[in-house]
Amino acid sequence: KPQDEQEPGQRIKVVVRFVVDRSGEIDRIELVQPGGAAFDNEVLRVIHKMPRWEPGQHNGKSVAVWFTIPIIFEMPEQ
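Heads up, the sequence shown is in the numbering used here, so the first residue is -18 and it goes up one at a time.
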């Protein structure tokens, strides 16, 4: 679990990038900025569980679109 790997007050940032294809499926997931095994695994687990997205549109047609999302794990001070 990520919270078991984190010190109070510590902030871990993982940046993930993926394609939403023409059918809305998530594909080609990449960790642009890893944060450590526990954090990376949690981000990948959640990304794989996401439902379909609305695909991008260009000139009225569905197109694949890259998304880059920063995910912050922050442990509160105790």
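Just so it is clear, CB atoms sit at the ideal spot from N, CA and C, and this is done for glycine as well.
Item: Within 10 Å of its beta-carbon, does G41 have 16 or more other beta-carbons around it, so buried, or fewer, so exposed?; Value: exposed
Item: Quick check: what's the CA-CA separation for E6 versus H29?; Value: 10 Å
Item: When the distance is taken between beta carbons, is A45 closer than 7 Å to R3?; Value: yes
Item: Does DSSP classify E(-12) as helix, strand or coil?; Value: coil
Item: Whole-angstrom Cβ separation of E55 and R9, contact assumed at under 8 Å?; Value: Actually they are not in contact, since the Cβ atoms of E55 and R9 sit about 28 Å apart, beyond 8 Å.
Item: Leaving out five residues on either side along the sequence, give the residues of the same chain with a beta carbon under 6 Å from the beta carbon of G37.; Value: V44 and V46
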